[in-house]
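Worksheet for the structure shown next.
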Amino acid sequence: MKNFISPEELDLINKCLAGERESQQLLYQKYVNAMYHTVVRMVGNAEDARDIIQDAFIKVFNNLETFRRDSTLGAWIKRITINSALNFLRKAQRTQTMPFEDNLNETPMETEEVKNISMKTIHNAIKSLPEGSRMVLTLFLLEGYQHKEIAGILGITESTSKTQYRRGKLLLQEKLKALKTI
């Protein structure tokens, strides 16, 4: 089995397991910003994202001894963080569904139409998408997951992930076009 952990990170993990608060703070500071941005894109709310991050890091520290080192520490923490966000969304029962449409064609984002739109505007448009599309778009476009991985994370089929992605992309294009004409 390949070891994905550097000697420095292994030392940090061991110190955290020994209960050294400074090392725990270091680990937290190393990953908190990236995890926060992932969660805020998923849930669309900074306050909820902060709560989810706190819960996720409690899980990280409580389960650090179970980290198998078959992935990077960051990937393991991200998985815990994403699962915490998904659990939050399930508890909040914010599930929104869209009617199925057979004639969804893959349409590329047109750069001319979006090149003058700020990243903040794009992120706000993504936050306004239905939950399923928002989560798939976030995981695929912003986090770099493949549809097979997204299916496993969200508990959906790969086909559903692709459909949510196409629908989300079309909705996002419509929202960005509407903003550009304003």
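To convert, count from 1 in the sequence shown and add 10; that's our numbering. Ideal Cβ placement from N, Cα and C applies to all residues, glycine included.
Are residue i and residue j touching if we call contact CB-CB under 8 Å?
i	j	result
Lys88	Met45	yes
Ser94	Lys69	yes
Leu164	Leu96	yes
Leu51	Ile136	It should be noted that the sequence gives Arg, not Leu, for residue 51. Cβ atoms of Arg51 and Ile136: closer than 8 Å.
His157	Lys179	no
Thr91	Ile63	yes
Ile15	Leu74	no
Tyr38	Gly84	no
Keeping to the same chain, check which residues put their C-beta closer than 6 Å to that of residue i; ignore five residues upstream and five downstream.
i	result
Lys25	Ser33
Met129	none
Arg104	With a pLDDT of 41 at Arg104, under the threshold of 50, the modelled position of this residue cannot be trusted; read the value that follows with caution. Glu141, listed in sequence order.
Trp86	Phe77
Going by CA-CA distance only, name the one from the options that's closest to residue i.
i	options	result
Asn43	His157, Ile136, Phe67, Ser81	Phe67
Leu189	Trp86, His133, Met145	His133
Gln208	Leu149, Ser138, Asp65	This structure does not reach residue 208, given that the chain is present from 11 up to 192, and the question cannot be answered.
Asp80	Leu20, Lys187, Phe150, Thr167	Leu20
Tyr155	Thr48, Tyr41, Ala56, Lys185	Thr48
Thr170	Lys187, Met145, Leu37	Met145
Thr131	Lys187, Tyr38, Glu168	Lys187
Which same chain residues, not among the five before or five after residue i, have their C-beta less than 8 Å away from its C-beta?
i	result
Val9	Since the first residue shown for the chain is 11 and the last is 192, residue 9 is missing from the structure and cannot be characterised.
Leu181	Leu139, Pro140, Ser143
Who are the near neighbours of residue i in its chain, counting only those whose CB is closer than 7 Å to its CB and skipping five residues on each side?
i	result
Leu152	Arg51
Leu27	Leu74, Glu75
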